[in-house]
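Heads up, the sequence shown is in this note's numbering, so the first residue is 377 and it goes up one at a time.
Glycine residues also receive a C-beta, built at the ideal position from the N, C-alpha and C atoms.
See structure below.
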Amino acid sequence: MSAARRLLFVVNNPAFFMSHRVPVALAAQRAGYDVHVATMDGPAVAEIQALGMTHHVIPMTRSGKHPLQELGTLVALWRLFRRLRPQVVHLVTIKPVLYGGIAARLARVPGMVAAISGLGFVFLSNSLKMRLVRAVVARLYRLALGHRNSRVIFQNRSDRDLLQSLGAVRDEQVVLIRGAGVDLDQYRAQPEPPAPPVVVTMVARLLRDKGVQEFVQAARLLRERGVPVTMRLVGGVDAGNPASATPAEVQAWQAEGCVEALGERNDVPRLYAASHIAVLPSYREGLPTSLIEAAACARAVVTTDVPGCRDAIDPDKTGLLVPVRDPQALADAIARLAGDSALRQAMGAAGRALAEREFNIERVARIHVELYDTLSA
Numbered sequence: 377m378s379a380a381r382r383l384l385f386v387v388n389n390p391a392f393f394m395s396h397r398v399p400v401a402l403a404a405q406r407a408g409y410d411v412h413v414a415t416m417d418g419p420a421v422a423e424i425q426a427l428g429m430t431h432h433v434i435p436m437t438r439s440g441k442h443p444l445q446e447l448g449t450l451v452a453l454w455r456l457f458r459r460l461r462p463q464v465v466h467l468v469t470i471k472p473v474l475y476g477g478i479a480a481r482l483a484r485v486p487g488m489v490a491a492i493s494g495l496g497f498v499f500l501s502n503s504l505k506m507r508l509v510r511a512v513v514a515r516l517y518r519l520a521l522g523h524r525n526s527r528v529i530f531q532n533r534s535d536r537d538l539l540q541s542l543g544a545v546r547d548e549q550v551v552l553i554r555g556a557g558v559d560l561d562q563y564r565a566q567p568e569p570p571a572p573p574v575v576v577t578m579v580a581r582l583l584r585d586k587g588v589q590e591f592v593q594a595a596r597l598l599r600e601r602g603v604p605v606t607m608r609l610v611g612g613v614d615a616g617n618p619a620s621a622t623p624a625e626v627q628a629w630q631a632e633g634c635v636e637a638l639g640e641r642n643d644v645p646r647l648y649a650a651s652h653i654a655v656l657p658s659y660r661e662g663l664p665t666s667l668i669e670a671a672a673c674a675r676a677v678v679t680t681d682v683p684g685c686r687d688a689i690d691p692d693k694t695g696l697l698v699p700v701r702d703p704q705a706l707a708d709a710i711a712r713l714a715g716d717s718a719l720r721q722a723m724g725a726a727g728r729a730l731a732e733r734e735f736n737i738e739r740v741a742r743i744h745v746e747l748y749d750t751l752s753a
């Protein structure tokens, strides 16, 4: 090609880009794209720049409570698109999709990819306030996803069906990719460690809608029953999120002795290698990275029968599904796997096969680059 085609990622948080999108961006670089990344400011910006990608800071807040700030984000994205003139923008997470989609249409960006990695708390609550907000958000999705030359990537069918029912997505736009992919060389299948105790690990931000309260309650129930398990929470509190557990709550759980709280960690493959079961009792997801990483590490999974989580496993083959917000059922499923090493290991092996078939990052990256090529042709 005579000049490199320009690809611009728009993501809210630079750390999220580093943890979820780097392999795809590097694949695009290798395919000859001039890759730019726009996020809010943060420590991970230097890591993005070290990869040879041009970074742009966009003013973006998490709360969305100040209309003028939200308008400022939309205007900043429109200006950036007009100045850079990318052939394709790839919008990731809710605000970049909503505001970036509208800005891309106004700036006449030739091609757009919108990644729907979950629809957020707006679609979880049925309070009057959230129903009103949902009506506004539905209208924004219709505006944002109306680009004529675009693809909308869904991680699960439930999110696809919901946005199609709102009239926000056309059939020809839909692409279904199960998750952001996993590096199968980094997340290797490992034999189980000795047991007992059986180590049960939940990797997630410590948010109520991730099911952290149910995990703790299940840990209490298992301790009362005398089931020999060690329950580990891996992830940090999120002070900017009203659904987050507080540091005091986490300290109280630790003091109670029902869970081990390990905080944020960057050695998840090692932690899964030291575990027997992976758990995520979330209320709704896009497609949880922690579960596809667990599958790659050949660990049996217990998760909730909700959009995203159910899509991350082959039920009764790679893991068990339990009802949402049900610590009793969660404890029962954990106890079942804790007491049956043959079932655990069979599910773990099936999980690794699923990861190799569906979640391989090389496959996921190749599909993305093919989308960019199609939209920029």
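Residues bridged to C736 [DSSP beta-bridge criterion]: For the purposes of this step, residue 736 is taken as the residue at position 360 of the sequence shown. Looking at the sequence itself, residue 736 is Asn, so the reference to Cys does not match. BP columns for N736 point to V558.
With 16 as the cutoff for other CB atoms within 10 Å, does A741 come out buried or exposed? Stepping through the sequence shown from its first residue, residue 741 is reached at position 365. That one is buried.
Own chain partners of Q566 with C-beta closer than 7 Å, once the 5 adjacent residues on each side are dropped: Locating residue 566 in the sequence shown gives position 190, counting from the first residue. A649, C673 and A674, listed in sequence order.
How would you label H442, buried or exposed, when you count the other beta carbons within 10 angstroms and need 16 or more for buried? Within the sequence shown, the letter at position 66 stands for residue 442. The residue is exposed, with fewer than 16 neighbouring Cβ atoms inside 10 Å.
Which class does L384 belong to by DSSP, given the choice of helix, strand or coil? In the sequence shown, counting from the first residue as 1, residue 384 sits at position 8. It is a strand residue.
Note down, in chain order, each residue of its chain lying with its Cβ closer than 6 Å to the Cβ of A756, except the 5 sequence neighbours on either side. The question about residue 756 has no answer, for the chain in this structure spans 377 to 753.
Return helix, strand or coil for A674, following the three-state DSSP convention. Residue mapping note: residue 674 aligns to position 298 of the sequence shown, counting from 1. Three-state DSSP puts A674 in coil, outside helix and strand.
Would you call the segment 682-697 in contact with the segment 602-618, where contact means no fewer than 3 C-beta pairs closer than 8 Å? no
Residue burial classification, V386 (beta-carbon count within 10 angstroms, cutoff 16): Start at 1 with the first residue of the sequence shown, and residue 386 comes out as number 10. The residue in question, V386, is buried, as its Cβ has 16 or more Cβ neighbours within 10 Å.
Near K505, what residues of its chain come up, given a Cβ to Cβ distance below 6 Å and the 5 sequence neighbours on each side ignored? Stepping through the sequence shown from its first residue, residue 505 is reached at position 129. Excluding sequence neighbours, K505 sits near nothing in its chain.
Is it a yes or a no for the segment 595-609 touching the segment 691-709, going by three-plus beta-carbon pairs under 8 Å? yes
In the DSSP assignment, find the beta strand (DSSP E) that holds F530 and state where it starts and stops. On the sequence shown, position 154 is the one that residue 530 refers to. Looking at the DSSP string, the run of the beta strand (DSSP E) that includes F530 is S526 to F530.
According to DSSP, which residues form a beta bridge with P691? One-based indexing of the sequence shown puts residue 691 at position 315. In the DSSP output, where bridge partners are listed per residue, P691 has G695.
Would you please state the rounded distance, in angstroms, between the beta carbons of R608 and V635? I believe it to be under 8 Å. Translated into positions along the sequence shown, residue 608 becomes position 232. Translated into positions along the sequence shown, residue 635 becomes position 259. That belief holds up - the Cβ atoms of R608 and V635 are roughly 7 Å apart, short of 8 Å.
Residue environment, G587, which counts as buried when at least 16 other CB atoms sit within 10 Å: Looking up residue 587 in the sequence shown gives position 211. Label assigned to G587: buried.
Cβ pair V468, R527 closer than 9 Å: Translated into the one-based positions of the sequence shown, residue 468 becomes position 92. Translated into the one-based positions of the sequence shown, residue 527 becomes position 151. No, Cβ-Cβ distance for V468 and R527 is not below 9 Å.
At the level of alpha carbons, what is the spacing between Q627 and A722? Reading the sequence shown from its first residue, position 251 is the one you call residue 627. Reading the sequence shown from its first residue, position 346 is the one you call residue 722. Rounded to the nearest angstrom, the two C-alpha atoms are 36 Å apart.
Below 6 Å CB to CB, which residues in the same chain sit around A420 once its five sequence neighbours on both sides are set aside? By one-based count along the sequence shown, residue 420 stands at place 44. Excluding positions up to five away in sequence, the list reads P390, A391 and M394.
What does the Cβ neighbour count give for P462, buried or exposed, with the cut at 16 atoms within 10 Å? Against the sequence shown, residue 462 aligns to sequence position 86. When all chains shown are included, P462 counts as buried.
Closest to G684 by C-alpha separation, out of A711, I492, W454 and E632, would be which residue? Along the sequence shown, one-based indexing puts residue 684 at 308. When only C-alpha atoms are compared, the closest one is I492.
Using only CA atoms, which one of R733, V576, Q531 and L713 lies nearest to L656? Taking the sequence shown and counting its residues from 1, one reaches residue 656 at position 280. For the set R733, V576, Q531 and L713, the Cα lying nearest the Cα of L656 is the one of V576.
In DSSP terms, what S620 is bridged to: Within the sequence shown, numbered from 1, the residue matching residue 620 stands at position 244. Looking at the DSSP assignment, S620 forms a beta bridge with L583.
Report the start-end ranges of each alpha helix (DSSP H) in the segment 402-480 that is 4 residues or longer and not cut off at the edges. 421-426 and 443-460
Quick check: the Cα distance between I668 and A731, rounded to an integer number of angstroms? By one-based count along the sequence shown, residue 668 stands at place 292. By one-based count along the sequence shown, residue 731 stands at place 355. The straight-line gap from Cα to Cα measures roughly 7 Å.
Spell out the partners DSSP gives R601 in its beta bridges. Looking up residue 601 in the sequence shown gives position 225. Looking at the DSSP assignment, R601 forms no beta bridge with any residue, so it has no partner.
V682 and A709 closer than 9 Å at C-beta: For the purposes of this step, residue 682 is identified with residue 306 of the sequence shown, where counting begins at 1. For the purposes of this step, residue 709 is identified with residue 333 of the sequence shown, where counting begins at 1. Result no, Cβ atoms of V682 and A709 do not sit closer than 9 Å.
At what residues does the beta strand (DSSP E) containing G639 begin and finish? Position 263 of the sequence shown, counting from 1, holds the residue named residue 639. E636 to G639 is the span of the beta strand (DSSP E), which, as asked, contains G639.
So, helix, strand or coil for I801, using DSSP? Outside the displayed range of the chain (377 to 753) lies residue 801, so it cannot be described from this structure.
Spatial distance of A452 from G428 (CA atoms): Locating residue 452 in the sequence shown gives position 76, where the first residue counts as 1. Locating residue 428 in the sequence shown gives position 52, where the first residue counts as 1. Going from the Cα of A452 to the Cα of G428 covers about 23 Å.
Taking the alpha carbon of V489 as the reference point, which residue from V558, I653 and E548 has its own alpha carbon closest? Mapped onto the sequence shown, residue 489 falls at position 113. Comparing Cα positions, the closest option is E548.
Based on DSSP bridge pairs, tell me the residues matched to I653. Here residue 653 refers to the residue found at position 277 when the sequence shown is read from its first residue. Looking at the DSSP assignment, I653 forms a beta bridge with V576 and A676.
In terms of residues, what are the limits of the alpha helix (DSSP H) holding G727? Mapped onto the sequence shown, residue 727 falls at position 351. Taken as a continuous stretch (DSSP letters only), the alpha helix (DSSP H) holding G727 covers S717 to L730.
Helix, strand or coil: how does DSSP classify V489 here? Here the question's residue 489 lines up with position 113 in the sequence shown. Of the three classes helix, strand and coil, the one that applies to V489 here is strand, per DSSP.
So, V603 versus A707, is the Cβ gap smaller than 9 Å? Taking the first residue of the sequence shown as position 1, residue 603 is located at position 227. Taking the first residue of the sequence shown as position 1, residue 707 is located at position 331. In contact: V603 and A707 (Cβ atoms closer than 9 Å).
What residue range is occupied by the uninterrupted alpha helix (DSSP H) comprising A708? Position 332 of the sequence shown holds residue 708. As written in the sequence, residue 708 is Asp, which differs from the Ala given in the question. First-last of the alpha helix (DSSP H) with D708: P703 to A714.
Using the Cα positions of A714 and A571, report the straight-line distance between them to the nearest angstrom. Looking up residue 714 in the sequence shown gives position 338. Looking up residue 571 in the sequence shown gives position 195. For the pair A714 and A571, the Cα-to-Cα distance works out to about 9 Å.
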